[in-house]
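Plus 7 on top of the position in the sequence shown (first one is 1) and you've got our numbering.
Cβ coordinates follow ideal geometry from the N, Cα and C atoms, glycine included.
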Amino acid sequence: MRIRWQIGRSSGMTRFVFSLAASAVVFLLVAVRHFATGCNIDDSPDKIITFNGEPGSYFGYTVQQHRNIAGAWVLVGAPRGQSSSQSSIDRPGALYRCQANRPHNCYEVTLDQSDGNEDSPQDKIVEVKDNQWLGVSLTRQPTDGRDAYVTVCGHLSANDNYFVRPEPTESEEERNVRVDRYVNGICYTIDSDFNANSVVKMRPCHDELQVNGTFRYHSHCQAGISATYNMDGSRLILGAVGSYEWNGTTIEATRQASNFRYNVGQLSDWGVPSKGRTEYRGYSVSTGKFLTVDTEQGVTGAPRSQQIGKVTIYDLETFQVYTELLGEMMSTYYGCAVQGVDLNGDGLSDLLVGAPLYSDVMDEGRVYVYINKGEARMEQLSFKLEGSNAVGGRFGTSIAYIKDVNLDGFNDVAIAAPYEDENTGAVYIYRGDRTGIQRRYSQRLAARDLLPGVTSFGSSIAGGMDIDFNFYPDLVVGSYANDEVYMFKTLPVVKLRVWIEVSPETLDPEFNNCELGGRKITCLTVKACFDYTDVHGLPDKIKFDYTLEVDVLKTDLSATPRFFFQGEAGQQINSVAATIELTKSQPSCYPRFVYLKSEARDFLTPVRFLLTYDIWDYPDEPPRRGDEVSSPFPGGLPPVIDNPSCSNGTAEKTVLFIQDCGNDSICQTDLRVIADLFLSSGNPYITLGGDGVVYLMVQVQNLGEEAHQAELLISHSREIVFESLESRTVECITDRLGARTCSSDNVVTCEPREAINETAEVLCSLGNPMRSRTVNILRMRFDVGGMSYGRRIVDFTAKATTLSVEQNNTLTDNTDTVSLPVRIVADVVARGAVQPEQLFYFPDNETIDGKTPDKEALLRAALEAAGILEGEVTSTDKAIGPSFAHAYEARNLGPGRLPLDSIITIQLPWRAPNGDWLIFIQNIQLNGEGLCNGESILELQRTQMREHYIGQTGTLSNTPHEIPPSSGDGSDNREIGCGNTLCVTITCGIKGPIIAGQGAVVDMDAVLWQRTLIDNNLGSVNLVSTATVSVQDTNHSHTQPDGGMPDTTELRTMVFIEEVPKKPVEPWIIAVSTLGGILGLIFLILALWKLGFFKRREKDKLEKAMENGL
8 MRIRWQIGRS
18 SGMTRFVFSL
28 AASAVVFLLV
38 AVRHFATGCN
48 IDDSPDKIIT
58 FNGEPGSYFG
68 YTVQQHRNIA
78 GAWVLVGAPR
88 GQSSSQSSID
98 RPGALYRCQA
108 NRPHNCYEVT
118 LDQSDGNEDS
128 PQDKIVEVKD
138 NQWLGVSLTR
148 QPTDGRDAYV
158 TVCGHLSAND
168 NYFVRPEPTE
178 SEEERNVRVD
188 RYVNGICYTI
198 DSDFNANSVV
208 KMRPCHDELQ
218 VNGTFRYHSH
228 CQAGISATYN
238 MDGSRLILGA
248 VGSYEWNGTT
258 IEATRQASNF
268 RYNVGQLSDW
278 GVPSKGRTEY
288 RGYSVSTGKF
298 LTVDTEQGVT
308 GAPRSQQIGK
318 VTIYDLETFQ
328 VYTELLGEMM
338 STYYGCAVQG
348 VDLNGDGLSD
358 LLVGAPLYSD
368 VMDEGRVYVY
378 INKGEARMEQ
388 LSFKLEGSNA
398 VGGRFGTSIA
408 YIKDVNLDGF
418 NDVAIAAPYE
428 DENTGAVYIY
438 RGDRTGIQRR
448 YSQRLAARDL
458 LPGVTSFGSS
468 IAGGMDIDFN
478 FYPDLVVGSY
488 ANDEVYMFKT
498 LPVVKLRVWI
508 EVSPETLDPE
518 FNNCELGGRK
528 ITCLTVKACF
538 DYTDVHGLPD
548 KIKFDYTLEV
558 DVLKTDLSAT
568 PRFFFQGEAG
578 QQINSVAATI
588 ELTKSQPSCY
598 PRFVYLKSEA
608 RDFLTPVRFL
618 LTYDIWDYPD
628 EPPRRGDEVS
638 SPFPGGLPPV
648 IDNPSCSNGT
658 AEKTVLFIQD
668 CGNDSICQTD
678 LRVIADLFLS
688 SGNPYITLGG
698 DGVVYLMVQV
708 QNLGEEAHQA
718 ELLISHSREI
728 VFESLESRTV
738 ECITDRLGAR
748 TCSSDNVVTC
758 EPREAINETA
768 EVLCSLGNPM
778 RSRTVNILRM
788 RFDVGGMSYG
798 RRIVDFTAKA
808 TTLSVEQNNT
818 LTDNTDTVSL
828 PVRIVADVVA
838 RGAVQPEQLF
848 YFPDNETIDG
858 KTPDKEALLR
868 AALEAAGILE
878 GEVTSTDKAI
888 GPSFAHAYEA
898 RNLGPGRLPL
908 DSIITIQLPW
918 RAPNGDWLIF
928 IQNIQLNGEG
938 LCNGESILEL
948 QRTQMREHYI
958 GQTGTLSNTP
968 HEIPPSSGDG
978 SDNREIGCGN
988 TLCVTITCGI
998 KGPIIAGQGA
1008 VVDMDAVLWQ
1018 RTLIDNNLGS
1028 VNLVSTATVS
1038 VQDTNHSHTQ
1048 PDGGMPDTTE
1058 LRTMVFIEEV
1068 PKKPVEPWII
1078 AVSTLGGILG
1088 LIFLILALWK
1098 LGFFKRREKD
1108 KLEKAMENGL
């Protein structure tokens, strides 16, 4: 069986492909190791040191850190590399050493100088090194000294077995027949200084039983697919996944002089049946102190065991199994990576297990963490590590122990997700602590951000060694798909204790304890305090930057802070910053004054101070020569502050205001709102356009403890305008005993707020705080005169709020809504006037101008005057008849504004029943906003008159059109209206709104068509017209007031006939009559004289009597 693990993309998905073949090897494209770092790993792109290999060599598939007498090195495995010392072998793989502080400076380590595949002492076996993947695993004795051995392996190194024909053949090649290939694997060990004569070639499966019958014991063991030294370096542990038909095992190799003794685990040691189950045991290996703090055990992963994976803790010598841990789900590759490390500092090794194919969606990956409770009793934590939980990332493919990168006393680990961020890769640093491990990573190194263009970042990692001699372990990361390796330096850590002191510790906003600018003001003294201690190798004095901010609870919400620092120019500022130099182990405090703003109102929300600090921006000063540095810091690298969040350090301090809220300092309030809406008129409804003002009366009661920033929010239509807070009073609530004790010094203000959509608001401050057991009574004035038609109701909602605590069961009475209906009350009246009120016409046209009447001529003159025929225009009074004018008015008498359109309809006698004209309309005009149908009526009049009087022949009809039976003797004073004539209807639309006292007038100019009256001997008549105004109220919201004026009017025009003499009196008749009168008068006077009429006898008698009496 050949099992191939292929990493690729198919339709955007990563997949594994397992295929069968005859050669029975495990072909790996992904390494099983990763790296991790802590918060202080310098991830500045310009500080990353890069090493490059030959393209396609998988340079960086494995990495290790190393130190020898020549300095610090980065060791790199390139399993697809072409060795310079074995040029005739096809890509056997190679090991490189790179000078740690010199980028791109790498050299191949010579391990095998035999150029070609070698025959073994037995002439039937040939060693095959082509494509042996030397560099698939790389390990080093875990010692900080300079004499550690390095081991590199190639798990696909093979031996070809040949059968030699006994009979002679034509050639040697024909005589030797290959019958099998044993993929045993190979490892090389070299001393710390890379001396070629120190190389030991290791083939641990070579001398083991290869095949027995059909069962392959170690013929395909693939020794070295994984490799590690135990904790003291005395044992080399190798994984052999192909042994026992790919059940797999581990091999312990112990150095003896110039060679190794091998101890191979048997199937029975693992408790596996003789036929096995293809578990891939040995896929990953590690060691640790799992039983006791004094003994060491091995741990290995079998990711295909029972399809869910298994991890086994066992004895390194006897292979006795102590503990077995199983995966949770199928096909997660649980056990792909294992790492024993003491996370919590108790001396026992804990365990991390990678399951890179763990899927919620697809291949996100997980790492299981087990805490050692002693005797190899491993307790799984309640959570799994997941990195960023990125789809396809395969988090947990590699896990590396990187020692204590921040020197906090707990070991740290690095875990890689080499295919995260679209195959670019990322490495996560997790910190150990007393509970085991922190759930969230402390630092994330993402290739997409740091190294653009890189893929498979994190396919190998190594840590735990101080490469740059600054006392902190550094980190190396491989990226085999790019044939590159990257070294990250770890920065020194400063232990800094930071705190804030504030005096006084509680704040009374009414206590003005400071003076600023000649006025008393409330202030606090705040101190930023620091205490610097060293972890290792730092100087006595270090500079720090800090920023102190005030009232961050407000600024975080983009609200105006209530406090301020005074700037150097006297301005108000929210923060102050400074650079300070601290001396090791000498606490220092830096005081500042902070002042309360006069406009501050929130005295419930605590005042929070935020102190942010960091190391001063020291320049990097790399070594000048050797290990000597010019910088005061070890390795020339400036330190960072030890901070789990990997960000600037922060400290906070909260100050409370003095409050009258009980011993718990929690203000438990109970607000209640009662609202009422009324008009000054007392009406139960609002007259649209009439009532301009409404009054809202609101009572806000506080039945509990003081209410801080108590506010009343009034919501109403945006058409209603808040005018003023007319009055406000504060009263005390009587308690159960009748006492009225309260502090009623609340200050109340109301201000309108900007309207949102169709809602406007008024915000009233009820006091800060609103005292316990008080009632605020507010009377507010609102203008409702601008409301639009269609509103049927006006409502106001009053809601009281506070920053104090109020229980849910008392919140229902914090809101009250009141309303009044809206009515349109407008007395719309129709009125009219006639000018002149009486008309006169002559019944007989024969005497006009002293000419004989010609009816056709008269009709033609009338039609010419009317503009129906062309001709000499004469006076319409003579040609047609007397002129008159009608005025029809539609008026709103109030009391309210009428926001609706109206129509005035005028009906006017126009034509006699026989079609003759009674009235000739000259003009129709609307004075006001609107439109009449006057033009269409005038056009209709012209058309119909032409048709009626001229006809189809184009000649005038001189035959009178009788009006039976209405023709009379000329003495009737009859009434002519729409009941006995043909009327014309004039319609005018009047556009609203119409305010009270205003309206529109329709003026009509007309001429009496007297010919019709004369021809039919109608005599005197009374012309009657009507006008009606109607409101266009589709919602039926308009109401006429009680006792309103009528909406219909009637106009009467009196038309009288005037008699004229038939002929003038002859002049001679006048002369004769005058002379006769004179002669008659003379004769009368003579006769009276003759008879003594002029004598005064009675007067004479009276005078004589008076004389006799004297």
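- A contact between stretches requires three or more CB pairs, one per stretch, nearer than 8 Å, and the stretch 714 to 730 meets this requirement with the stretch 760 to 779.
- Around the C-beta of L915, 16 or more other C-beta atoms lie within 10 Å, and the residue is accordingly described as buried.
- DSSP links A585 through a beta bridge to Y553.
- In the DSSP annotation of this structure, the continuous segment of the alpha helix (DSSP H) that includes D1022 starts and ends at 1017 to 1022.
- Counting only runs of at least 3 residues, the stretch 47 to 119 fully encloses the following beta strand (DSSP E) elements, listed from N- to C-terminal order: 56 to 59, 69 to 75, 78 to 85, 101 to 106, 113 to 116.
- With contacts defined as CB atoms closer than 7 Å, P363 and R401 qualify as a contacting pair.
- Two segments are said to touch when three or more pairs of C-beta atoms, one from each, lie closer than 8 Å; by this definition the stretch 990 to 998 touches the stretch 897 to 914.
- Burial check for M337: the Cβ neighbour count within 10 Å stays below 16, so the residue is exposed.
- By the beta-carbon neighbour count (other beta carbons within 10 angstroms, threshold 16), C596 is exposed.
- Scanning the stretch 183 to 218 from its first residue to its last, the whole beta strand (DSSP E) runs of 3-plus residues come out as 183 to 189, 193 to 197, 207 to 209.
- Per DSSP, reduced to three states, the secondary structure at Y487 is helical.
- Collapsing the DSSP output to three states places N821 in a helix.
- Counting C-beta atoms within 10 angstroms of its own C-beta, I76 has fewer than 16 neighbours from the protein chains shown and is therefore classed as exposed.
- Two segments are said to touch when three or more pairs of C-beta atoms, one from each, lie closer than 8 Å; by this definition the stretch 486 to 499 touches the stretch 56 to 67.
- Classified as exposed, R799 has fewer than 16 neighbouring CB atoms from the shown chains inside 10 Å of its CB.
- Out of N138, V116, V135, the CA that lies nearest to the CA of F201 is found in V116.
- For K1097, the enclosing alpha helix (DSSP H) starts and ends at 1074 to 1097.
- Per DSSP, the continuous alpha helix (DSSP H) segment holding H955 begins and ends at 941 to 956.
- Considering only G443, S395, V1036, Y329, the residue with the shortest C-alpha distance to V434 is S395.
- Of all alpha-carbon atoms in V248, G774, V412, V368, the one lying nearest the alpha-carbon of L678 is that of G774.
- Between Q387 and Y375, the alpha-carbon positions lie close to 7 Å from each other.
- Distance from the Cα of Q313 is smallest, within the candidate group I1001, E331, G642, G986, for E331.
- Between the stretch 775 to 785 and the stretch 682 to 689 there are fewer than three C-beta pairs closer than 8 Å, too few to call the two in contact.
- Remark: three or more beta-carbon pairs, one from each stretch, lie closer than 8 Å, so the stretch 895 to 909 and the stretch 828 to 843 are flagged as touching.
- A contact is defined here as three or more CB-CB pairs under 8 Å, and the stretch 1000 to 1011 meets this definition with respect to the stretch 926 to 934.
- Contact check for V533 against V601 passes: the beta carbons are separated by less than 7 Å.
- Rounded to the nearest whole angstrom, the CA to CA distance from L947 to G1004 is 35 Å.
- The stretch 539 to 551 and the stretch 509 to 525 do not touch, with fewer than 3 CB-CB distances between them shorter than 8 Å.
- With 16 or more other Cβ atoms from the protein chains shown falling within 10 Å of its own Cβ, L452 counts as buried.
- In this structure, M238 lies near E303, with their beta-carbon atoms less than 7 Å apart.
- Under DSSP, S909 forms a beta bridge with I997, V1038.
- In the three-state scheme derived from DSSP, where H, G and I count as helix and E and B as strand, N690 is classed as coil.
- Look at the beta carbons and you see the stretch 752 to 762 not touching the stretch 807 to 823: under three pairs across the two are nearer than 8 Å.
- Straight-line spacing of the CA atoms in T257 and K317 works out to 14 Å.
- Within the DSSP bridge table, the entry for D440 names G443 as partners.
- Under DSSP, G937 takes part in a beta bridge, and its partners are I997.
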